[in-house]
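A short worksheet on the structure shown next.
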Amino acid sequence: MGNQPSRKWEFFVPDTVRFKGRFLNYLLYLPSSVLTFVNLLQDFQLPVKRNKSGGGFHSPLSPLSQSSPLFPDGIMSPMWIRKQQDTKPGVLVMFSELPALNDNNEQKVIGPLAAVSVLEREKDATLVSEIVEHRKNAQEAGTKFAMVLMLRVHDAENPTIEDRISSIRRASGLDQRNSFFVLPPLGPPELQEFISNLQRSLYEPAINFYREKGKLMKKKRSRIPIPQPPKSPVINANPEKLSELPLSNLGWLVRYDFKMGAFAEFRQDPDSALKYYGSCYMNLVDMFSPSVAATTGCPAIIPNTKRWTEARILAEAIHLKICKLYFYMDSPNTSLIQMQRHLDSFSNILTAAGITSETFEYWAWLSKQYRAFAELVELATKHGMRIPSPEQQASNMYVNGAGLPDLRTGYSSGHPATVGGGVYPGLVIQHAGFYYYSSATCSMERRRCLLKASESTDLSTQDSINTEKKFDHTAIIIELLTKSYEQFKKYKNARMTLFLASEIAKSYYEGGKFEMALKFFERIAKTYRKENWSTILASILHSSLVCSRELKLWKNAIGYLIELLSDEVTLNIEMREGYQRELVEILSRQTDDNQQIPMIIDLDQMNTFVHFGIQFERGNAFVGAPVKFQLTATTSCPLPLEISSLRLVFNDSSFDHHFHHVSDEASELKGSVWIDAKDAQQKETDDGLAWSKEVDLRLSNECVKVIEGSITPREIAELKVAVISCHISTPGWQLTLNYPLTGHDETFKKAKWLQVDQTNDDVKRFVTLDEAEDRTTLRVTHRKPKMEMNIECEQVALLDEAFPVNVTIISQEEHRAQTTLTAEIKSGAGQRVSDTFTHDLGQVNPGGEKRLTFFIRGSQPPRERLLTLTLRYYLDSPDIINDQLNVYEKRETLQIEFQQPFQTEFKVYPENFLAPNDPDSLSRTEHNLLVTQIKSIALADLEVQNIELKIAVSLFKPGSVFSCSHLMSFETEDITTLKESVEIGHIEIAWKRRQPHPTLKENIFNTVLTVPRVGMTQSPLNITLDAPTEIYLATPFTFVYNIENTSSEMQELVAILDASNNLIFSGYKQHLVRLLPLSITKLRFNGYALAPGKLTVPKLRLVEPGSEHEGVSLNNEELAIFVKPAPAMVEV
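Letter by letter, the sequence shown follows residues 1 to 1132 of full-length UniProt numbering.
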């Protein structure tokens, strides 16, 4: 056929439900405001309108047509919905690509004006003929037609594309604005925008199409006479003759109301749709009433016939459609009222038809109603509907009579549905889980009625019973319960989820699916066990036991029997005895290979039939002292119980105890039975060393058995019994019950100690222990030491000195003690130990004392040190274990502040420099004055023996004690090179405290003070001062500023001399200075000192000409002179 352009047909209807054969499937969706696209075949033809003047006027689905499935009295067929959605669209759209030439077989002939080729015109004409044909078919069907012409990528390069598109549009007779659309190659965002524009353009024609449809139906309905009561009494006619009568006027009203409701929904008019559906529903319900003939003159639908079933299905479909529209209009309470109205109405209708609450058909119908409504609620909530609170619902609910709105008028009246300040529960909408559960309970009742009906011998019901048995009722119930469980879990209703889980397990159980039932029972039993719901737990355990029997899971059965024998589970004595006998019977079975089956049960998450309590005589004990403990055992078994062995597992395995059973017939199983096990011997067992003894381990619910033992701790620890293992050994089983002790057993809420008379074991009584002390844990510590340690020392120590610390040890022990003192010093809390020493103090007699003095020397830097003194000793007595595990320890900690004894300050003053004798030489000598000040900052008086400056340069000599000055000379061979600073040395001060420790009278301590480095001037412009060595007050003198240019560039600067407060001078304040490279210029001034002492000469500033700021090469160091007082006048 050549290269035919691709075709794709679409038609548009407003987005309603795809109908799939039954009315109920058509309802469970919410409408939206977009259009629905339906793909069609290329040769699709729309059905043309019927010609009223010709034959075949009636529709094939009309009750008036003999070939119709509704002939003669049918109301509505689902095929009508399918017909409207699949074959009668509101808009028909044709998609086609622009015809293109075949590059291999066809050549495009382009004229001088780039006209459309002949082949292109032929292909365009073929496309136009197809468009015209389908447009004509759409016009005959009364449907809007539109065309979408799709372009390829290379079509944009064709210069004739616009002419071809215009030619196709004109030839097809389509309007460019709303009937003919061109789709160029677009990206995803632009394509989505094109689709949105196409929908907006076609939406209104589609709405108009269904509006006209609705008007036509309304016109037809107006021709139907309104049913009136008959003038003569109605006589019951033969049902066979009634079924041959045509559809009544009331039926035609129902039919047209349904069509108008559907068309209103198609055009997105929910108010009108609700009105028509409501009228349709009410008229349809009237047709079921036996009294309809007396009120309307129309015959009632005969029950249990084909038409009766069709009408009932139609009524249920319309009912759910009404509920959906109420949800869509945000009126969930009205939807619930409609649901209740429907259930009330059709319950009576079904009962009149013989389908009562005793039949499975009734419960199957009711279950479907609740399930469909639950699905509506679930879908509505998924689309954003919020379920209001009961208070909000109460303010919006109105009732009239039966509390239902009038669907015929669409209005409701009455008063709020509140009674005495409360809310009527039946009028409160709930989430979907509630209605799923209601459907599940109806399904349970449906299965019960089926089982009851199966026992009947009535042959007339066997066909329906056999059909009903084909349904898997267990699967249906579990599915509904699961949906309800998910909804309640979504809304965080924990109690209801547990209940539903138990219902699911019960359904599996009743359906014979024991494995799944067992999984659910185990899951929910944990919560009921934890929260002590004993009655519910007993039922769950019994059902789990039955499942285990059926599955032959004997290990599970043993666990359930153990818990059923617990006193936490509410059971009568006969049932307990039966469960215990069953447990004994299972444990007594021998395996085929005569081997014991090991089984370990941890009782931390379940109840048990035996209870243990463990307590020590006291909660605290000392190392080496024996401590008694008592193990109390009781049982809730109604019959005597024999335990093979009992193991106490401590958190320290060296204290584990094993008790093995040996019968003592003389012992009665009544009252309090005390067993002395303090003489247990340590033996080798399968689990290692343990303290073992054989005792009578028979238990009864009429006695309390107490086993008393003793342990002697050897070290500091916190001892407790971690697990009590109860072993029951039979020829077929080796049962181990691990009883973890995380505190007091609930059976032993109060810790009690059984006191036994030493002279008569039969005299014993329980004594309540102190509740303030936890007796389940034994805290083992050393006895508090009775040694006092007194420490004497100053609060502040000086660096470099030997700081004395005096320690006095006073013994208050009753025995001689071997003592050792350890001292640790750290830089601070959390730091590592800087130094430590240990001193053996030897023996200290009772009441005696030991003294020790040691010294601490602190070095740089000054900081706080942490001194920790630890005294360790053990008592030298034959009655006490004197090994290293029984060493007593006493610790004291103090903080010592280490400070500098001296504070120093160094200052360097440039004096002058000496020019070389040779003018061409680059060498130079500088003189700098180093002034040192030493200040004592110690709190105590210090005796300074010597202060000595150890000069690295041998030319300098030491100065004075507390303040000294040193003149230093620096020489360089080349002033243009970089000059490094020179290390001067350090100052050593020999000192001691004025009142030292007696043992330190002759000790001298040395403190080293580092002198900062000093170097030659690095600036390219240097200013030094030449002044007389002796300057007197009020005596004129001459001083000279030496300005040196050490750079290789010429400098032209302005020298400005600032005023000084203590010295006046004569001379020019400003000088223009030209400095050649590596040259010196001198400025001479006469001065007059106004005060004695160290004076700062006027500051000389060097600035660039015309600038008020200092230059970057200015030397800002202060130049000083020393002025002596004026000499005394000598009288002649």
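Even for Gly, the Cβ is constructed at its ideal location relative to N, Cα and C.
Proximity to Tyr256 across Phe288, Tyr281 and Trp674 peaks at Tyr281, based on C-alpha coordinates.
Note that the segment 675 to 688 does not touch the segment 715 to 728; fewer than 3 beta-carbon pairs, one per stretch, sit closer than 8 angstroms. One alpha carbon belongs to Val91, the other to Gly142, and they sit about 9 angstroms apart. Between Ala1089 and Leu1063, the beta carbon gap of about 6 angstroms places them in contact (Cβ cut-off 8 angstroms). The Cβ atoms of Arg371 and Leu480 lie closer than 8 angstroms to each other. Looking at the DSSP output, Val807 shares a beta bridge with Ile791 and Leu852. Using a 10 angstroms sphere on the CB of Asn283, the tally of other CB atoms reaches 16 or more, which defines it as buried. Note: Cys726 is bridge-paired with Leu646 and Leu737 in the DSSP secondary-structure output. CA-CA distance, Leu545 to Gln580, rounds to 13 angstroms.
The alpha carbon of Asp602 has as its nearest neighbour, out of Thr570, Arg618, Val944 and Asn556, the alpha carbon of Asn556. Per the C-alpha coordinates, the member of Lys49, Thr359, Leu500 and Ser464 positioned closest to Arg446 is Thr359. According to DSSP, Thr359 shares a beta bridge with no other residue.
With a beta-carbon spacing of about 7 angstroms, Met599 and Thr736 fall inside the 8 angstroms limit used to define contacts. From the listed residues Thr853, Ser439, Asp876 and Glu892, the smallest Cα separation to Thr870 is found for Glu892. In the three-state DSSP reduction, Asn137 falls in the helix class (H, G or I).
The beta carbons of Gly74 and Pro63 sit about 5 angstroms from each other, so the pair counts as a contact at 8 angstroms.
With respect to Phe71, Ser65 sits close: the two C-beta atoms are nearer than 8 angstroms. The beta strand (DSSP E) runs lying completely inside the segment 418 to 480 and spanning 3 residues or more number zero.
Leu565 is a Cβ neighbour of Cys637, given a cutoff of 8 angstroms. The C-beta separation of Leu1025 from Leu1119 comes to about 4 angstroms, placing the pair in contact by the 8 angstroms criterion. Annotated as distal: Cys547 and Phe499, with beta-carbon spacing of 8 angstroms or more. Look at the beta carbons and you see the segment 834 to 848 not touching the segment 779 to 786: under three pairs across the two are nearer than 8 angstroms.
A Cβ-Cβ separation of about 6 angstroms places Gly297 in contact with Pro227 under the 8 angstroms criterion.
The beta carbon of Met217 lies closer than 6 angstroms to those of Tyr256, Lys259 and Met260 in the same chain, with the five residues before and after it left out. When rounded, the separation of the alpha-carbon atoms in Pro205 and Lys489 is 46 angstroms.
Looking at the backbone, the Cα of Ile856 and that of Glu813 are separated by about 30 angstroms. Between the alpha carbons of Asp593 and Gly732 lies a gap of roughly 10 angstroms. In this structure, Val1103 and Ile1031 do not form a Cβ contact; the two beta carbons are roughly 29 angstroms apart against a cut-off of 8 angstroms. Three or more Cβ pairs closer than 8 angstroms define a contact, and the segment 1032 to 1044 meets that threshold against the segment 1070 to 1089.
If you draw a straight line from the Cα of Phe629 to the Cα of Arg775, it comes to about 9 angstroms. In this structure Phe609 touches Ile562 by the C-beta definition: roughly 6 angstroms separates them, less than 8 angstroms. Three or more beta-carbon pairs separated by less than 8 angstroms link the segment 633 to 649 to the segment 696 to 707, which places the two stretches in contact.
Checking the DSSP bridge columns, you'll see Lys1094 partnered with Phe1122. The distance from the Cβ of Glu1052 to that of Pro1077 is about 12 angstroms, inconsistent with a contact at the 8 angstroms cut-off. Minimum Cα-Cα distance from Glu708 among the listed residues Ala717, Arg714 and Ser692 corresponds to Ser692.
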